[in-house]
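*Asks:* Residue numbers (the working numbering), protein chains in the order written: chain A, 9 to 122; chain B, 6 to 299.
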Amino acid sequence: MLTKRIRSKIARGSGELAILSLLAEQPLYGFEIAKQIGERTGGALKFTLASLYPLLYDMEKHGWVEGRWQANHAGRDRRYYRLTPAGKKQLAPLKEEWRNFFRALNTLAGVSHA
Amino acid sequence: MPDWKDLVRQRMQPPPVTQADEVIEELSTHLEETYNDLLDRGCAPQAAFERTLQEVDDWDVLCRRISRTRQRRNPMNDRTKRLWLLVAVTWLGASLSAVVLQPGRLYPYLIVFYLPWLATLPLVGAAGAYLAQRGDPVNDHVKRLWLSVTVTWLGTILSLVVLQRIDHPELILRRPIPVWFPLPGLATLILVGAAGAYLAQRANAPRKTRLVVATSPALLLGIVMLLLLPWRVAVDRYPWALRFFAIDAGNLAVVPGLALLFGALPFLRQGSANSIPLPTGDVNASTRTTALPE
């Protein structure tokens with residue numbers, strides 16, 4: 009039970025970091041977020057619809073990201089997410105937390121993030 | 006081409022409470038793009054359809070998770086839950102301390118009201134602990150906030166019980182005490198209010214929380230007295246119930262409340278400390294599936 013909870017928190021935290029980091033570069037819509045995370049991590053991190061949107065909506069509720077409907081060049085409406093100032097503020101400590109986390113794991117178990 | 010919007014609408018049952026159409030639109034767009042992407046990569050339509058459906062293992066779970074996030078923000082947020090826990094636990098501790106230190110005599114009033122009330126407090130504590138368990142473990146901010154509440158409560162009890170020489174605290178709501186509040190008592194309460202608000206400020210509590218922490222003993226006493234008023238009038242047949250209620254309310258709620266507030270004022274004026282929010286944690290983490298299932 010505890011392990012499941014920790015795993016869930018780690019997965020959630022890593023998902024938040026991945027999304028915030030991506031959106032810090034440019035606004036993206038859901039499918040593109042999932043696709044870019046998959047591609048840029050070589051498939052190590054993969055979002056499905058079921059894992060992406062609850063997290064995105066939750067982050068939106070916290071005010072870290074903001075979604076806006078916008079038409080693309082083909083006239084297709086998509087909901088683009090962009091980072092809010094609160095999200096930007098959240099990103100730096102989140103990165104630091106993960107850095108510390110990997111450093112600690114590395115010290116303990118020789119697990120390097122590099 | 007499958008009708009993705011219709012598929013999502015059928016499977017999202019019940020639909021999210023708010024902005025259901027928007028959610029359905031967004032999810033169906035995602036499925037459609039996943040499907041098209043698979044086709045572009047050479048997948049056969051049927052295989053692409055089946056793989057697209059694998060984006061969601063359990064629509065009920067997804068629906069619940071989305072509904073939870075799309076609801077208006079829970080009026081009782083994590084910070085409120087934690088504050089409630091702090092107040093409940095401190096209230097329990099303070100009550101037990103008062104009983105242990107000043108046992109008094111078992112008046113019928115005490116048996117009828119006070120003991121059952123006391124018996125419910127562990128339930129209150131358990132409920133508070135349960136709520137806290139759903140949030141993050143107690144962190145430094147919460148500890149500091151707890152300290153501020155504890156200091157305020159213990160200080161107030163010290164002022165009322167020791168300095169005001171109330172030797173039977175179980176009668177504190179029944180017996181009129183002198184209207185004049187001795188200066189040492191008032192001075193202590195001002196200091197207590199200041200300490201409570203200062204410590205709450207150090208815990209990065211926003212202004213409203215600092216106000217509640219600093220004045221919570223008087224607020225709660227006032228509420229309890231109001232609840233007791235019908236008892237005093239109807240059951241106890243106290244002839245001067247209303248008059249004594251006014252005197253008691255003045256002595257135990259209004260005057261101490263004002264003194265606590267006065268002490269807290271300097272720490273309410275200063276800029277809000279809530280620019281550094283309390284870590285909120287994911288209250289539902291234990292019930293959620295992992296964000297990255299693969």
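C-beta: ideal position from N, C-alpha, C; glycine also.
Here the structure is a predicted model, which is why all the values come from computation and not from measurement.
Cutting at 6 Å between CB atoms, please list the residues of its own chain near W77(A), excluding the five before and the five after it.
*Replies:* D85, R87
*Asks:* Can you tell which of T39(B), S164(B), N41(B), R16(B) has the C-alpha that lies nearest to the C-alpha of I29(B)?
*Replies:* R16(B)
*Asks:* Which residues, taken in chain order from the stretch 51 to 73 of chain B, show a beta carbon closer than 7 Å to some beta carbon of chain A?
*Replies:* Against chain A - using a Cβ distance shorter than 7 Å - the residues of the stretch 51 to 73 of chain B are E60, V61, D62, L67, R70, I71.
*Asks:* Which chain A residues are close to T220(B), counting only those with a beta carbon under 8 Å from its beta carbon?
*Replies:* Those within 8 Å of T220(B) in chain A number zero; the least Cβ separation is about 30 Å.
*Asks:* Return yes when the Cβ of E37(B) is within less than 7 Å of the Cβ of W9(B), no when it is not.
*Replies:* Result yes, Cβ atoms of W9(B) and E37(B) sit closer than 7 Å.
*Asks:* Can you tell me the Cβ-Cβ gap for L60(A) and G38(A), rounded? I've got them flagged as a contact below 8 Å.
*Replies:* Right, their Cβ atoms sit about 6 Å apart.
*Asks:* Under 7 Å between C-beta atoms, does D141(B) make it to chain A?
*Replies:* Low confidence applies to D141(B): its pLDDT is 46, below 50, so where it sits in the model is not reliable, and the reading given next is rough at best. Not an interface residue.
*Asks:* What is the rounded straight-line gap between the Cα of V260(B) and the Cα of A251(B)?
*Replies:* 12 Å
*Asks:* Applying the 10 Å Cβ sphere with the 16-neighbour rule, what's the burial state of W158(B)?
*Replies:* buried
*Asks:* Going by alpha carbons, who is nearest to L32(B) out of V156(B), R14(B), L44(B)?
*Replies:* R14(B)
*Asks:* Three-state secondary structure (DSSP) at D26(B)?
*Replies:* DSSP places D26(B) within a helical segment (H, G or I) once states are collapsed to three.
*Asks:* For Q59(B), which three-state DSSP category applies?
*Replies:* In this structure, Q59(B) counts as coil in the three-state DSSP scheme.
*Asks:* Put L53(A) into one of helix, strand or coil per three-state DSSP.
*Replies:* coil
*Asks:* Could you tell me the boundaries of the alpha helix (DSSP H) in which W9(B) lies?
*Replies:* From DSSP, the alpha helix (DSSP H) with W9(B) extends over 9 to 16.
*Asks:* Would you mind stating whether L53(A) and E60(B) have Cβ atoms separated by less than 7 Å?
*Replies:* For L53(A) and E60(B), no; Cβs fall outside 7 Å.
*Asks:* Tell me whether T57(B), by its Cβ, gets closer than 6 Å to a heavy atom of the ligand GTP.
*Replies:* Ligands are entirely absent from the displayed structure, and the ligand GTP is therefore not among its contents.
*Asks:* For V73(A), which residues does DSSP report across the bridge?
*Replies:* In the DSSP output, where bridge partners are listed per residue, V73(A) has L91(A).
*Asks:* Cα separation between D66(A) and A42(A)?
*Replies:* 16 Å
*Asks:* Please compile the residues from chain A whose C-beta is within a distance smaller than 9 Å of the C-beta of T34(B).
*Replies:* Within chain A, the residues placing a beta-carbon under 9 Å from that of T34(B) are Y37, G38, F39, R84, D85, R86, R87, ordered along the chain.
*Asks:* Return the Cβ separation of A269(B) and G198(B) in integer angstroms, given the expectation that the two are a contact with Cβ distance under 8 Å.
*Replies:* Contact between A269(B) and G198(B) holds, since their C-beta atoms are separated by about 4 Å, short of 8 Å.
*Asks:* Can you round the beta-carbon distance between F249(B) and Q206(B) to whole angstroms, since I take them to be within the 8 Å contact cut?
*Replies:* Not confirmed; about 37 Å, so no contact.
*Asks:* Along chain A, which residues have their Cβ under 7 Å away from the Cβ of T155(B)?
*Replies:* The contacting residues do not exist; T155(B) stays about 29 Å from chain A at best.
*Asks:* DSSP three-state call for A258(B): helix, strand or coil?
*Replies:* helix
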